[in-house]
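Numbering (numbering that gives the first Met the number 0), first residue to last: 0 to 273.
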Amino acid sequence: MHIPILTYHANNIKGMGYQTNDHIALAADLKLIHQLGLRIISLDQLMGWRLGHTADSSVENAVVLTCDDGSDFDFHDLDHPNYGVQVSFLNILKAHQNATGQDVHMTNFVIVSPEVRVILDEKCLVGEGWWSDDWWQVAQDSGLMHIANHSWDHNHGVLDNLNVGDDSFHHINNQQQCDQQIRQAQDYLHKQIGNDYQAKYFAYPYGNFSDYLRHEYLPQHGAAIGLQAAFTTDPNHANKLSDVWAIPRYVCNNDWEDSSELKNILIRHKQTNQ
């Protein structure tokens, strides 16, 4: 069995078309998924199958949805100063569920540092304070979203950090740096959300990683800090042979740019599993 994991960015609002707005793209893609007779499952369901806890039938004709960065556009409907009201990913999911009766779920990989989110809001969004964490608990409790780890600060290029003008996570390459980016984020998530919440999944910023992070730190320390898997942006389907610390994902408006291109990915998925 091969299952596609699709990834979106709610911050991608540069217009009101598919290629310029991931909200428009997500709504269209949900309709396509339904039209093709596919269904949406959670990362928990995917990982349960991968571990052998459920039969192949549990992931048959299934698609997994994730989103990265964790701005307020994931959860709140917001009036963008240039492009008007943007329906949140959460409410797009709810509308699709109400219209079709289909189960929906999305895992939100959030940038965790509150100080950094203020900077990113000013430099990467529109400076309206739309990169908060006041919605994490509610999203987690909704049953439609799961909050997960996208690192402490993304090693983002607008920060004074190790990026050296290169948007990548390759520079996070020793235990101190990995602890600062991943363990610290895990601790904050657990304190912020509380209850029985566990941050089980990590998505590599930019989809890439150092050899140390991927081959040493996560295999040796991941389980101890609560992680069960890590996700890249390698454009491939996930299967039982996918390395648990490098599970692939497809990225909207990178690996596909319209519904017809996504249809090719999803049809290939169905044909592979026949």
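Even for Gly, the Cβ is constructed at its ideal location relative to N, Cα and C.
Endpoints, the alpha helix (DSSP H) within which residue i is located
i, result
"F88", "F88 to T99"
"L31", "D21 to Q34"
"Q191", "Q183 to I192"
Contact under 8 Å by Cβ, residue i with residue j
i, j, result
"H22", "I110", "no"
"H228", "M46", "According to the sequence as given, residue 228 is Ala; it is not His. Against a cut-off of 8 Å, the Cβ pair of M46 and A228 comes out as a contact."
"Q197", "N148", "no"
"L119", "H155", "yes"
"V117", "D152", "no"
"I12", "Q85", "yes"
"I146", "V103", "no"
"G69", "N97", "no"
"Y216", "Q174", "yes"
"Q18", "E256", "yes"
"V62", "L37", "yes"
"H95", "L42", "no"
"S56", "Q44", "no"
"H1", "N272", "yes"
Given residue i as reference, the closest of the options once Cα atoms are compared
i, options, result
"C66", "S241, K190, S87 and S56", "S87"
"S258", "V137, L35 and N10", "L35"
"C177", "P204, P113 and L124", "P204"
"S150", "A94, F208 and V58", "F208"
"H236", "N20, I12, G14 and N60", "N60"
"R248", "K239, P234, W255 and E256", "P234"
"N253", "I246, L37 and T232", "T232"
"T99", "V157, T19, V243 and L31", "L31"
"D210", "Q183, D195 and W244", "W244"
"D242", "C251, F230 and D166", "F230"
"P80", "L124, H33, S167 and H214", "L124"
"V157", "A202, K122, H214 and P113", "K122"
"M15", "G83, P3, H1 and L143", "G83"
"A202", "P113, I181 and M0", "I181"
"Q139", "D166, D195 and N238", "D195"
"N78", "S167, G126 and S112", "For the sequence presented, residue 78 should be read as Asp rather than Asn. With distances taken between Cα atoms, D78 lies closest to G126."
"A54", "V250, K239, G128 and M144", "K239"
"L143", "D159, K93 and H214", "K93"
"G206", "L64, Q183, N20 and D166", "D166"
"H214", "Y187, S141, I171 and P113", "I171"
"Y187", "H169, I246, I224 and L64", "I224"
"G128", "V250, H169 and P113", "P113"
"L226", "N20, C251 and Q183", "Q183"
Any chain D beta carbon closer than 8 Å to residue i
i, result
"L188", "This model lacks chain D altogether, as it is built from one protein chain only."
Opening and closing residue of the beta strand (DSSP E) in which residue i lies
i, result
"I40", "R38 to I40"
"Q85", "G83 to Q85"
"D67", "A61 to D68"
"Y200", "Y200 to A202"
"H52", "No beta strand (DSSP E) contains H52, which DSSP labels as neither H nor E."
"Y196", "Looking at the DSSP string, Y196 is not in any beta strand (DSSP E), and its letter there is neither H nor E."
"I4", "I4 to Y7"
"D78", "L77 to H79"
Residue i beta carbon near the ligand FAD (any heavy atom closer than 7 Å)
i, result
"I91", "Among the components modelled here there is no ligand, and therefore nothing to report on the ligand FAD."
Meets three-Cβ-pair contact criterion under 8 Å: the stretch 72 to 92 and the stretch 49 to 62: Short answer: they don't touch.
Contact the stretch 186 to 196 vs the stretch 120 to 137: 3+ CB pairs below 8 Å: In this structure the stretch 186 to 196 touches the stretch 120 to 137; the number of beta carbon pairs closer than 8 Å is three or more.
Stretch pair the stretch 207 to 227 + the stretch 257 to 264: three plus CB contacts closer than 8 Å: no
Sequence ranges, alpha helix (DSSP H) only - wholly within the stretch 93 to 174, length at least 4: 113 to 123 and 135 to 141
Validate contact between the stretch 22 to 32 and the stretch 1 to 11 using beta carbons, cut 8 Å, 3 pairs: yes
Ranges of the beta strand (DSSP E) found wholly within the stretch 217 to 255, counting only runs of at least 3: 228 to 230
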